[in-house]
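Participant: Handing you a structure now.
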Amino acid sequence: MKAFTKNILIVFAVLFIVSLLFPLFAHPTKKAEKIAFSDLVSKIQAGEVKKISVTGDNLLVTAKDDKLFKLQKEQESSLSESFRNYGIAPEKLNAIQLDLAGSPVSSVWVSLLLQVLLPLIFIGALFWFISRQAQKGAVQAFTFGKANIKIFMNPKERVTFKDVAGLREAKEELKEIVEFLRSPQKFLEIGARIPRGALLMGAPGTGKTMLARAVAGEANVPFFHISGSEFVEMFVGVGAARVRDLFLTAKRHAPAIVFIDEIDAVGRQRGAGLGGGHDEREQTLNQILVEMDGFDRDTNVIVMSATNRPDILDPALLRPGRFDRRIVLDLPDIKEREEILLIHTRDKKLGPDVHLQRIAQRTPGFSGADLANLINEAAILAARRDRKILLHQDLLDAMEKVILGPERKSHMLTQREREITAYHEAGHAVVAASLPNADPVHKISIVSRGRAAGYTLKLPVEDKHLYTKSQFLDELAAMLGGFATEKALFQDTTTGASNDLKEASELARRLVTQYGMSDKLGPVTFSNSEELVFLGREIATEKNYSEKVAAEIDGEVSKFIKKAYATARKIVTSRRGLLKHVAKRLMEIETIEKEEFEEILAKFRKPTAVPRTA
Numbered sequence: 012m013k014a015f016t017k018n019i020l021i022v023f024a025v026l027f028i029v030s031l032l033f034p035l036f037a038h039p040t041k042k043a044e045k046i047a048f049s050d051l052v053s054k055i056q057a058g059e060v061k062k063i064s065v066t067g068d069n070l071l072v073t074a075k076d077d078k079l080f081k082l083q084k085e086q087e088s089s090l091s092e093s094f095r096n097y098g099i100a101p102e103k104l105n106a107i108q109l110d111l112a113g114s115p116v117s118s119v120w121v122s123l124l125l126q127v128l129l130p131l132i133f134i135g136a137l138f139w140f141i142s143r144q145a146q147k148g149a150v151q152a153f154t155f156g157k158a159n160i161k162i163f164m165n166p167k168e169r170v171t172f173k174d175v176a177g178l179r180e181a182k183e184e185l186k187e188i189v190e191f192l193r194s195p196q197k198f199l200e201i202g203a204r205i206p207r208g209a210l211l212m213g214a215p216g217t218g219k220t221m222l223a224r225a226v227a228g229e230a231n232v233p234f235f236h237i238s239g240s241e242f243v244e245m246f247v248g249v250g251a252a253r254v255r256d257l258f259l260t261a262k263r264h265a266p267a268i269v270f271i272d273e274i275d276a277v278g279r280q281r282g283a284g285l286g287g288g289h290d291e292r293e294q295t296l297n298q299i300l301v302e303m304d305g306f307d308r309d310t311n312v313i314v315m316s317a318t319n320r321p322d323i324l325d326p327a328l329l330r331p332g333r334f335d336r337r338i339v340l341d342l343p344d345i346k347e348r349e350e351i352l353l354i355h356t357r358d359k360k361l362g363p364d365v366h367l368q369r370i371a372q373r374t375p376g377f378s379g380a381d382l383a384n385l386i387n388e389a390a391i392l393a394a395r396r397d398r399k400i401l402l403h404q405d406l407l408d409a410m411e412k413v414i415l416g417p418e419r420k421s422h423m424l425t426q427r428e429r430e431i432t433a434y435h436e437a438g439h440a441v442v443a444a445s446l447p448n449a450d451p452v453h454k455i456s457i458v459s460r461g462r463a464a465g466y467t468l469k470l471p472v473e474d475k476h477l478y479t480k481s482q483f484l485d486e487l488a489a490m491l492g493g494f495a496t497e498k499a500l501f502q503d504t505t506t507g508a509s510n511d512l513k514e515a516s517e518l519a520r521r522l523v524t525q526y527g528m529s530d531k532l533g534p535v536t537f538s539n540s541e542e543l544v545f546l547g548r549e550i551a552t553e554k555n556y557s558e559k560v561a562a563e564i565d566g567e568v569s570k571f572i573k574k575a576y577a578t579a580r581k582i583v584t585s586r587r588g589l590l591k592h593v594a595k596r597l598m599e600i601e602t603i604e605k606e607e608f609e610e611i612l613a614k615f616r617k618p619t620a621v622p623r624t625a
């Protein structure tokens, strides 16, 4: 590369020298005859002068026969005054071309700059650009195996456990790693070997990356972050080379934490699906296994990784000595959701009516990322409404937008469709309110959101981790409350119940095949015994039960659906007055909140809970 640059400079220098010598041969100068000023005056009077070039006190005279004469003007006066003193008429001077810019040689140099030097500069710039690209390509060829690592060492970017709300059990599990990174000698003296890897498992958005950064922040060590997909390239061996470079860099900065996000991109079980045993992904995985085995006893490097698909990871990754610690990150409970909301609202102005605890109660199943998105959507809504503070209504509207999608104000329903939708949603609410084990109704609306013409928001009073068969059966009946209402009041059904039927069918099938709640089939699960996984999806399955059992499963699923429908139909028939009142109120104001719905229920004599159809 240095020789190439040197040759380019030599060629450029030669071209420049040639361009300098070219005017001397292209424009040979004529020898000028020296004359006196009086002789110039005589020639002007005789009309023999064509041009006079003035350079300081020197004059270059060009006669009409192209002869050149040189002389000096009088220093006591200007050239025009000298001509007047010699009595030259102005019309004689007007016939002569007077050049005050200098000699003809100067115009040659100007022409040189414009016609020769500028093209040379352009050619030189072109050669320089080509050489830079060639040099860049050569450098990339040698750095192709370098890992594209993101390193966090800036104190301003430091994250600690205080910045991560909830996850108490996960933090306790990780404190021993923090303590080892702070004072490893205490462990080494007693002969203990710290775990080499920690696998963070949890649903998307539960804070796996943030928790890993918090471990590095608590221990005050460098944090190396890389995604599993960044190892895999189209060229064989690049992924393994990047793994070697990653661990080599981490060892140089020890003590340190290496975090591999979405490790299932390279850590998928070998031999499953397509690709064989020699594809690039499996070579990368083999190199990760070798590097984690190659740690010395006193190497202060901890490997952390995150995945939401631990079921597809290779068993060799999970054995002792590699990812010894497997830490599960659950979705936050109501108290943890409130703490997360407090963290994300620290830099925002809240109105006096904001109750984060009520928002936390209405967001079961939300992850930390979902709650952060909810606060951001609320801030966007407040800004669009020309306010600088967040009100409680902003948070409620943002929650519904996150769950159901934005309002579709342009989705106009006919009067008949509004009536059917109002009765449909009233059916869901009345059935849910009449069953003891169904979740309470928080809101009923016939305002279109997403793909739904209306919705009934039912939320549990407290977070649930275990569900009973009675709860499932009541939820099934509540799902079919809209369908039963349409059938009972309009003697017809619409496509608005399609999503309800889909969810009810899926829940009923899980009751039979996964939860063992079928009285006929008994406490047996019917799942797929073998799955051929490719790109995260099942392309082939093998059932571990016969066709006769499959027919019995279908029969039991249908039985659960029919029982739930019968229960819902009995409720909407017996409480038709309440149903009509709620539907008419919905058609008037479009939305009924929890408090108003409870007042409506109190006005009607509430019978004892309607038993489910046996």
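Our numbering puts the sequence shown at residues 12 to 625.
Where a beta carbon is used, it is the ideal one built from N, C-alpha and C, also for glycine.
Since we're looking at a predicted model, the values are computed, not measured.
(1) Do Leu401 and Ala390 have their beta-carbon atoms positioned less than 8 Å apart in this structure?
(2) Applying the 10 Å Cβ sphere with the 16-neighbour rule, what's the burial state of Phe133?
(3) Let me know if His38 comes out buried or exposed under the rule of 16 or more other beta-carbons within 10 Å of its beta-carbon.
(4) What is the C-beta distance between Val232 and Ala267, in whole angstroms, given that I count them as a contact (C-beta under 8 Å)?
(5) So the candidates are Pro343, Asp322, Glu229, Ile299; which of them puts its Cα closest to the Cα of Thr217?
(6) Distance check for Leu210 and Glu184, CA to CA, integer angstroms please.
(7) Using the three-state DSSP reduction, which class does Asn69 fall into: helix, strand or coil?
(8) Taking the alpha-carbon positions, what's the Glu350 to Glu567 distance?
(9) Helix, strand or coil for Lys359 per DSSP?
(10) Taking contact to mean 3 or more Cβ pairs, one atom from each stretch, closer than 8 Å, check whether the region 399–419 and the region 574–584 are in contact.
(11) So the candidates are Glu59, Asn555, Arg336, Arg263; which of them puts its Cα closest to the Cα of Glu180?
(12) Going by C-alpha to C-alpha distance, which of Ala223, Arg253, Lys412 sits closest to Val269?
(13) Residues in its own chain within less than 7 Å of Ser114 by CB, not counting five upstream and five downstream?
(14) Which residue or residues does DSSP assign as beta-bridge partners of Glu604?
(15) Within 8 Å, do at least three Cβ pairs link the region 512–520 to the region 449–467?
(16) Do Leu468 and Ala519 have their CB atoms nearer than 8 Å?
(17) Would you say Leu222 lies against chain D (beta-carbon separation less than 8 Å)?
(18) Jot down the residue ranges of each uninterrupted beta strand (DSSP E) in the region 159–229, minimum 3 residues, whole runs only, in chain order.
(19) So is Val472 buried or exposed if we call it buried at 16+ other beta carbons inside 10 Å?
(20) Quick one: give me the first and last residue of the beta strand (DSSP E) that Val269 is part of.
(21) Using three-state DSSP, classify Ser316 as helix, strand or coil.
(22) Cβ of Thr220 within 8 Å of Cβ of Ala317?
(23) From Val312 to Lys360, what does the alpha carbon distance come to, in whole angstroms?
(24) DSSP has Lys63 in a bridge; who is on the other side?
(25) Cα separation between Ala551 and Ile323?
(26) In the DSSP output, which residue or residues are listed as bridge partners for Leu367?
Facilitator: Let me lay it out:
(1) Yes, the pair counts as a contact, with Cβ atoms nearer than the cut-off.
(2) With fewer than 16 Cβ atoms within 10 Å of its Cβ, Phe133 is classed as exposed.
(3) A caution first: His38 carries a pLDDT of 48, below 50, which makes its placement in the model unreliable, though a value can still be read off. Exposed, because fewer than 16 other Cβ atoms sit within 10 Å of the Cβ of His38.
(4) That belief holds up - the Cβ atoms of Val232 and Ala267 are roughly 5 Å apart, short of 8 Å.
(5) For Thr217, the nearest C-alpha among the options comes from Pro343.
(6) So the two alpha carbons sit approximately 11 Å from each other.
(7) In the structure shown, Asn69 sits in a strand (DSSP, three-state: E or B).
(8) Each residue's alpha carbon lies about 43 Å from the other.
(9) In the structure shown, Lys359 adopts coil according to DSSP, grouped into three states.
(10) No, because fewer than three Cβ pairs between the region 399–419 and the region 574–584 fall closer than 8 Å, the two stretches do not touch.
(11) Residue Arg336 holds the alpha-carbon nearest to the alpha-carbon of Glu180 among Glu59, Asn555, Arg336, Arg263.
(12) Selected option, being the one with the closest Cα: Ala223.
(13) Here the model assigns Ser114 a pLDDT of 44, short of 50, so the residue's position is not dependable, and the following value carries that caveat. These residues qualify, in order along the chain: Ser64, Thr66, Leu71.
(14) According to DSSP, which records beta bridges pairwise, Glu604 is partnered with Lys454.
(15) Touching, no, given that fewer than three Cβ pairs across the two stretches are closer than 8 Å.
(16) Contact flag unset, no.
(17) Although the question refers to chain D, the structure presented lacks it and comprises just one protein chain.
(18) Taking only runs of at least 3 residues, the beta strand (DSSP E) segments lying wholly in the region 159–229 are 161–163, 208–213.
(19) With fewer than 16 Cβ atoms within 10 Å of its Cβ, Val472 is classed as exposed.
(20) Val269 -> beta strand (DSSP E) spans 267–272.
(21) Shown here, Ser316 sits in a strand according to DSSP, grouped into three states.
(22) Contact: yes.
(23) Approximately 42 Å between the Cα atoms of the pair.
(24) A quick correction: the sequence has Ile, not Lys, at residue 63. DSSP, once it has assigned bridges, lists Val72, Leu109 as partnering Ile63.
(25) Caution applies to Ala551, whose pLDDT of 49 falls short of 50 and renders its modelled position unreliable; the value that the coordinates give is listed next. Between Ala551 and Ile323, the C-alpha separation is close to 15 Å.
(26) Paired residues: none, contrary to the question.
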